[in-house]
Amino acid sequence: MTGSGTVGRAALERDAMSRDNGVEVSPALLKIEGLSKTFGGTRALIDAGLGVREHEIHALVGQNGSGKSTLIKSLAGYHHPDPGARAWFAGEPFELGSGLQHGHDRLRFVHQDLGHVLELGVIDNLALRHAYVRGRFGNIRWTEQERSARALLSRFGIDIDLHRPLAEATPVERVVVAIVAALQGWEGGQGVLVLDEPTAVLPPHEVAQLFELIGEVRRTGASVLYVSHRIDEIFQLADRVTVLRGGRVVATRAVADLTPRELASLMVGEEVDPDFRAEVPAATGAPALLEARDLRARYLNGVSFTLHHGEVLGVAGLAGSGSEQLPYVLAGALGREASGRLRLPGRGGEWADIGPNGPTGLALVPADRAREGVIAEFGVAENLTLPILDRLRHGVTHSRSRETALVRDWVQRLQIRTAGQDAPISTLSGGNQQKVVMARALALEPSVLLLCEPTAGVDIATRIALYELIAQQAERGLGVIVSSTDIGDLLAMCTRILVLRDGVVVRELDGNQVTQAILHHAIEGTDEQ
Amino acid sequence: MNPTMSSPQNISAVGAAGLGAPGPDTASPETTASAPRRQAAAWVRLPDALSVRNIGAIYVWLAIAVIFAIWAPSTFPTWATARQILDENAATGLMALSVVIPLCTRTFDLSVGFIASLSAVTASYMIAHGVPVAAAVAIAMGGALLVGLINGVVVVVMGVDSFIATLATGSLIQAFITLMTNGIAITSPRLAGPFATIGQASIGGITLPVIYTLLVALVIWFVLEHTATGRRLYATGFNPESARLAGVRTARLRFASLIVSALLAGAAGVVLASTLSSGDPQVGVPYLLSAYAAAFLGASQLRPGRFNAWGTLIAVLLLGTGVVGLGLVSAPNWAPAMFTGVVLIAALGITGAKRRALRRGRGHRL
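Residue numbers (the working numbering), protein chains in the order written: chain A, 309 to 837; chain B, 9 to 374.
Following this line, the structure appears as structure tokens:
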């Protein structure tokens with residue numbers, strides 16, 4: 309990761325005041341105790357506590373579903389916590405919960421969805437979050453507005469075109485503007501800036517810029533609560549770290565006292581058997597089904613691999629590593645933005661270029677179900693048969709009876725719960741919608757199935773049903789590629805996993821290496837290799 | 009909870025509730041419309057098909073007809089008036105149908121009015137200069153095709169927003185027409201010759217333009233409802249990204265839809281020139297508004313939420329009947345425009361409310 313090294317050193321040279329080497333110096337500026345939150349029957353947060361000191365950069369880490377967001381949202385006043393939660397700011401108790409407008413005034417939040425109006429420039433985005441400078445007739449005094457925006461940004465040493473729409477800004481510029489917008493009316497001094505996974509959308513080389521700004525915020529006298537699941541960032545940035553696992557706080561430690569490996573183990577949990585092996589048949593020795601060479605796209609810098617008959621190949625990596633882009637490249641969905649070569653040895657075996665030829669014929673289950681998967685205005689049947697309409701033709705006419713029979717068959721095979729074939733897809737649960745999208749891909753009778761985030765927003769029972777479905781299909785010789793940010797998906801389904809970082813394969817796990825601990829360390833870059 | 013049972017009440021409630029009576033909520037999960045029941049005999053499904061939710065505009069249309077029949081008993085309920093309504097609205101029908109296909113793909117073609125003017129002027133010019141009818145029509149249609157290609161290139165290849173792009177090409181067409189005609193309508197005795205049969209002859213008392221319109225509606229209905237292409241057109245309009253990832257060639261369909269609209273608008277222009285026996289350089293533009301009005305009102309009928317052929321024709325008929333009726337009762341000259349505006353806002357407001365209700369339902373279940 310370029311640039312991160314210098315930031316790492318900068319972290320070591322920080323003023324001694326903030327890094328107290330674990331010695332209790334200042335009392336907590338923000339303190340929370342006994343915070344629990346129950347959704348329906350699920351306890352998302354159990355008796356959590358947290359203390360953020362003055363001038364401290366405090367990291368909050370945990371895997372997906374560990375309760376990080378719930379804690380932050382309770383703090384921000386989006387969730388009302390269960391009774392018994394207590395909170396203090398600078399020794400003064402305050403109420404947690406949704407009754408307040410935006411939580412405590414000295415707590416400022418930058419959520420993952422930055423909340424910008426991308427068509428507008430910096431000045432407007434700052435003013436919309438705070439207030440416009442008005443003239444006597446209610447008119448906006450633009451010169452003054454610009455001056456105040458400029459002053460605000462210069463305080464953090466930021467140089468950015470104020471008038472250009474944010475849509476044209478780089479991802480890190482958008483994050484920076486969101487942070488500055490959140491800090492309006494703050495005027496330095498005691499306070500806590502809460503950043504919820506601000507690097508999730510940043511390409512690796514832009515992260516250093518963000519870290520500089522965070523350091524700048526600390527210099528104005530504030531503390532930072534930094535939410536992340538990326539271990540490398542914690543060690544570059546934070547003084548102390550609080551680890552959440554399964555809704556409980558498992559540890560709060562000074563970062564200097566930890567190694568990345570120890571931190572990762574805290575996140576994953578000691579109770580996990582490091583030799584745990586998912587129950588998946590190995591597909592070694594099977595003939596090659598798909599060969600991909602030198603795949604390139606915005607986040608991919610030359611990936612090559614071979615997929616075998618009946619193999620379920622996982623693709624793992626942090627956001628921006630290229631893992632989420634790989635299936636789209638293979639499907640030919642990125643058009644000319646991607647390049648590379650593909651070969652299906654079973655089908656002629658000619659090398660074909662990706663890119664200019666459009667779709668490659670490999671079946672894709674896209675990551676974002678609502679935006680890329682289902683068509684909300686269509687019924688179940690219409691959604692399911694969209695890619696295979698040509699097969700349902702009777703002369704020029706679309707055969708309803710054939711469509712009905714085919715859809716009925718898939719609804720039964722995948723146990724899709726629907727009010728009927730014509731029921732609008734939007735009336736189905738997320739899991740059942742996903743089953744329809746999955747059926748749509750399988751109905752193509754593909755030789756290779758490409759899955760992106762196959763269990764996002766899917767309940768646990770459906771999740772297991774989908775795992776079993778994939779295992780069945782693989783047994784029949786289908787090759788599957790799974791890209792998921794959910795480690796559970798990869799462990800449950802995959803015989804082999806490619807770990808990507810910065811657009812290249814950095815590790816390949818198979819056999820008894822496919823364990824939660826090894827995979828987690830490989831993704832985070834904390835493995836010993 | 010049976011949707012087929014609740015429909016008769018809806019029908020009886022039409023008088024009071026008009027277009028707005030909410031139909032049965034087919035989205036509710038209790039209505040387990042299993043495959044066998046949907047294939048039940050046609051008469052079982054009939055009441056559902058006749059519900060206000062599906063064809064509210066027909067009931068409104070009937071109500072308007074009854075009102076005018078009572079208001080002007082000697083002039084309105086006559087064959088002459090019926091034929092007048094059909095004849096006056098055949099061209100509107102064609103124009104409205106021309107924009108249905110692009111609208112399915114959520115593409116606006118606002119140049120159709122100008123294309124109609126162009127082909128009317130071109131055909132008239134050719135006829136006036138002694139070109140045979142078939143050749144004159146072919147040249148006029150060729151011009152329309154060319155405009156369709158230009159629209160396709162600007163909208164699909166260059167990626168300009170269709171609303172503004174087709175407005176721009178429309179402006180270019182108008183400039184070209186004015187250049188050719190100097191803004192003066194083309195008239196010639198030759199236009200009253202064989203060319204006039206295209207728009208003025210009739211079969212069994214029904215003028216040819218009415219028949220053209222019905223044929224075009226039939227073809228569009230068939231394509232949208234009974235072919236894979238129709239399904240893909242709707243998919244492109246509803247969610248282009250999902251459709252593209254499911255293998256639908258969305259760009260190609262949008263391009264083709266602009267060709268179709270240009271050709272249909274061109275045909276409408278030829279029909280208008282023949283009916284009026286003149287090549288008026290402004291003839292098509294006034295139809296633009298009613299074409300879109302009818303297409304949008306039509307999208308709230310028969311297949312709610314989907315632009316469709318018969319719904320569009322029902323809407324043309326509804327609006328046309330009101331306008332003709334108002335003329336017969338010597339309503340003030342502002343009345344027809346007001347009638348059109350009120351009907352449109354009412355109908356589209358109700359459709360919007362229905363869609364919002366559906367979206368809320370989606371939010372709960374996700």
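Glycine included, each C-beta is placed from N, C-alpha and C at the ideal position.
Original post:
CA-CA distance, ALA88(B) and GLY739(A)?
Top reply: In the second sequence, residue 88(B) corresponds to position 80, counting from 1. In the first sequence, residue 739(A) corresponds to position 431, counting from 1. Near 60 Å, if we compare the C-alpha coordinates of GLY739(A) and ALA88(B).
Original post:
What residues of chain A sit near HIS234(B), judged by a beta carbon separation below 7 Å?
Top reply: Counted from its first residue, the second sequence places residue 234(B) at position 226. Chain A residues near HIS234(B): THR705 and HIS706.
Subject >> Per-residue contacts from LEU253(B) into chain A (C-beta, under 7 Å) >> reply: The residue you call residue 253(B) lines up with position 245 of the second sequence. The answer, in chain order, is ALA641, LEU672, PRO674 and GLU680.
Original post:
Hey, how far is the Cα of ALA782(A) from the Cα of TYR242(B)?
Top reply: Translated into positions along the first sequence, residue 782(A) becomes position 474. Translated into positions along the second sequence, residue 242(B) becomes position 234. Approximately 34 Å, taken between the alpha carbons.
Subject >> Close beta carbons around ARG644(A), own chain, < 7 Å, minus the five adjacent residues each side >> reply: As a working mapping, residue 644(A) is identified with position 336 in the first sequence. Hits under 7 Å: GLY663 and PRO664.
Original post:
Measuring CB to CB, does ILE468(A) end up less than 8 Å from LEU460(A)?
Top reply: Stepping through the first sequence from its first residue, residue 468(A) is reached at position 160. Stepping through the first sequence from its first residue, residue 460(A) is reached at position 152. No, the Cβ-Cβ distance between ILE468(A) and LEU460(A) is not below 8 Å.
Original post:
Cα-Cα, which of GLY349(B), LEU271(B) and THR258(B) is closest to GLY666(A)?
Top reply: Position 358 of the first sequence holds residue 666(A). Ranking the options by Cα distance to GLY666(A), first place goes to THR258(B).
**OP:** Return no unless some Cβ of chain A is closer than 8 Å to the Cβ of ALA41(B).
**Re:** By 1-based counting over the second sequence, the position of residue 41(B) is 33. At ALA41(B), the pLDDT of 39 sits below 50, so the modelled position is not reliable; the number obtained from the coordinates is stated separately. So, interface residue.
Original post:
Under the three-state reduction of DSSP, which class applies to TRP659(A): helix, strand or coil?
Top reply: What you label residue 659(A) is simply residue 351 of the first sequence in a count that begins at 1. In this structure, TRP659(A) counts as coil in the three-state DSSP scheme.
Subject >> the region 117-126 of chain B touching the region 284-298 of chain B, judged by at least three CB pairs closer than 8 Å >> reply: yes
Original post:
Which word fits PRO197(B), buried or exposed, when buried means at least 16 other C-beta atoms lie within 10 angstroms of its C-beta?
Top reply: Numbered from 1 along the second sequence, position 189 holds the residue referred to as residue 197(B). By the neighbour-count rule (16 or more Cβ atoms within 10 Å), PRO197(B) is not buried but exposed.
Subject >> Where the region 312-331 of chain B meets chain A: residues whose CB sits under 7 Å from a CB there >> reply: GLY313
**OP:** With distances taken Cα to Cα, identify the nearest neighbour of SER631(A) among CYS760(A), VAL418(A) and ILE380(A).
**Re:** Position 323 of the first sequence, counted from the start, is the residue given in the question as residue 631(A). The option with the nearest alpha carbon to SER631(A) is CYS760(A).
**OP:** Return the chain-ordered list of same chain residues with a C-beta closer than 7 Å to the C-beta of LEU118(B), the five sequence neighbours on each side being excluded.
**Re:** Counted from its first residue, the second sequence places residue 118(B) at position 110. Excluding residues within five positions, the ones whose Cβ falls inside 7 Å are PHE171, THR174, LEU175, GLY178 and LEU296.
Original post:
Can TYR534(A) be considered in contact with the ligand MN, in the sense that its beta carbon sits closer than 7 Å to one or more heavy atoms?
Top reply: Among the ligands in the structure shown, none appear at all, so the ligand MN cannot be discussed.
Subject >> Beta-carbon separation (whole angstroms), LEU383(A) vs LEU404(A), contact threshold 8 Å >> reply: In the first sequence, residue 383(A) corresponds to position 75, counting from 1. In the first sequence, residue 404(A) corresponds to position 96, counting from 1. Confirmed, about 7 Å.
Original post:
Rounded C-beta distance between LEU503(A) and VAL532(A)? I'm assuming under 8 Å.
Top reply: Taking the first sequence and counting its residues from 1, one reaches residue 503(A) at position 195. Taking the first sequence and counting its residues from 1, one reaches residue 532(A) at position 224. Rounded, the Cβ-Cβ distance is 7 Å, consistent with contact.
**OP:** Please list the segments of the beta strand (DSSP E) lying wholly inside the region 732-816 of chain A, counting only runs of 3 or more residues, in order along the chain.
**Re:** 756-760, 787-791 and 804-809
Subject >> Complete runs of the beta strand (DSSP E) confined to the region 349-436 of chain A [at least 3 residues] >> reply: 350-361, 365-369, 394-397, 400-402 and 415-418
**OP:** Measure the beta-carbon distance from LEU337(A) to ALA398(A) and round it to whole angstroms, keeping in mind my assumption that it falls under 8 Å.
**Re:** Sequence index remark: in the first sequence, residue 337(A) carries index 29 (1-based). Sequence index remark: in the first sequence, residue 398(A) carries index 90 (1-based). That belief holds up - the Cβ atoms of LEU337(A) and ALA398(A) are roughly 6 Å apart, short of 8 Å.
Original post:
Closest Cβ-Cβ distance between LEU722(A) and chain B: below 8 Å?
Top reply: As a first step, residue 722(A) is located in the first sequence; it is residue number 414 there, counting from the start. Answer no: the Cβ-Cβ gap between LEU722(A) and chain B never drops below 8 Å.
Original post:
For SER20(B), which residues from the same chain have a beta carbon less than 7 Å from its beta carbon, with the 5 sequence-adjacent residues on both sides left out?
Top reply: Here residue 20(B) is taken as the residue at index 12 of the second sequence, counted from 1. Caution is warranted here: a pLDDT of 36 is assigned to SER20(B), below 50, making its placement in the model unreliable, and the coordinate value is therefore given only provisionally. Closer than 7 Å at the Cβ level, and outside the excluded window around SER20(B), lies no residue.
**OP:** Name, going along the chain, the residues of the region 261-274 of chain B whose beta-carbon falls closer than 7 Å to a beta-carbon of chain A.
**Re:** none
Original post:
Is the Cβ-Cβ distance between GLU524(A) and PHE464(A) less than 8 Å?
Top reply: Taking the first residue of the first sequence as 1, we reach residue 524(A) at position 216. Taking the first residue of the first sequence as 1, we reach residue 464(A) at position 156. Taking 8 Å as the Cβ cut-off, GLU524(A) and PHE464(A) qualify as a contacting pair.
**OP:** Kindly list the residues whose CB is nearer than 6 Å to the CB of ILE72(B), restricted to its own chain and excluding five residues on each side of it in sequence; keep chain order.
**Re:** As a first step, residue 72(B) is located in the second sequence; it is residue number 64 there, counting from the start. The answer, listed in chain order, is THR329 and GLY330.
Original post:
Is the Cβ-Cβ distance between VAL620(A) and VAL673(A) less than 8 Å?
Top reply: Your numbering for residue 620(A) matches position 312 in the first sequence. Your numbering for residue 673(A) matches position 365 in the first sequence. No. Outside cutoff.
Original post:
Hey, would you say LEU474(A) sits closer than 8 Å to HIS419(A), going by beta carbons?
Top reply: What you label residue 474(A) is simply residue 166 of the first sequence in a count that begins at 1. What you label residue 419(A) is simply residue 111 of the first sequence in a count that begins at 1. For LEU474(A) and HIS419(A), no; Cβs fall outside 8 Å.
Original post:
Got a sec? Which residues, its chain only, sit under 7 Å from PRO582(A) by beta carbon, not counting five neighbours each side?
Top reply: On the first sequence, residue 582(A) is found 274 positions in, with the first residue counted as 1. Any reading at PRO582(A) must be qualified, since the residue scores a pLDDT of 41, below 50, and its modelled position is unreliable; the value itself is stated next. Contacts found: THR823 and ALA825.
Original post:
Are the beta-carbon atoms of TRP229(B) and ASN97(B) separated by less than 8 Å?
Top reply: Indexing the second sequence from 1 puts residue 229(B) at position 221. Indexing the second sequence from 1 puts residue 97(B) at position 89. No; because the gap between Cβ atoms is not below 8 Å, this pair is not in contact.
Original post:
Out of GLU816(A), TYR607(A) and LEU626(A), which has the shortest C-alpha to C-alpha gap to GLN371(A)?
Top reply: Here residue 371(A) corresponds to residue number 63 of the first sequence, with the count starting at 1. If we check each option's Cα against that of GLN371(A), LEU626(A) comes out closest.
**OP:** Report the neighbours of VAL224(B) on chain A: residues whose CB is nearer than 8 Å to its CB, in chain order.
**Re:** What you label residue 224(B) is simply residue 216 of the second sequence in a count that begins at 1. The contacting residues do not exist; VAL224(B) stays about 17 Å from chain A at best.
Original post:
Using a beta-carbon distance below 8 Å, is PRO695(A) in contact with chain B?
Top reply: Mapped onto the first sequence, residue 695(A) falls at position 387. At least one chain B Cβ lies under 8 Å of PRO695(A).
**OP:** Would you tell me roughly how many angstroms separate the C-alpha atoms of ALA49(B) and ARG708(A), rounded to the nearest one?
**Re:** The residue labelled residue 49(B) in the question sits at position 41 within the second sequence. The residue labelled residue 708(A) in the question sits at position 400 within the first sequence. The predicted position of ALA49(B) is uncertain, since its pLDDT is 45 and thus under 50; no value can be drawn from it.
**OP:** Starting from VAL145(B), follow the alpha helix (DSSP H) in both directions and report where the run begins and ends.
**Re:** Taking the first residue of the second sequence as position 1, residue 145(B) is located at position 137. Here the alpha helix (DSSP H) through VAL145(B) covers 141-160.
**OP:** Since I believe LEU552(A) is in contact with ARG374(A) (beta carbons under 8 Å), could you give me their beta-carbon distance rounded to a whole number of angstroms?
**Re:** Start at 1 with the first residue of the first sequence, and residue 374(A) comes out as number 66. Start at 1 with the first residue of the first sequence, and residue 552(A) comes out as number 244. Per the sequence presented here, residue 374(A) reads as Ser, with Arg not at that position. At roughly 4 Å, the Cβ-Cβ gap stays under 8 Å, so SER374(A) and LEU552(A) are in contact.
Original post:
Of all Cβ atoms in chain A, is any one closer than 8 Å to the Cβ of PHE246(B)?
Top reply: Position 238 of the second sequence, counting from 1, holds the residue named residue 246(B). With 8 Å as the cut-off, PHE246(B) counts as an interface residue toward chain A.
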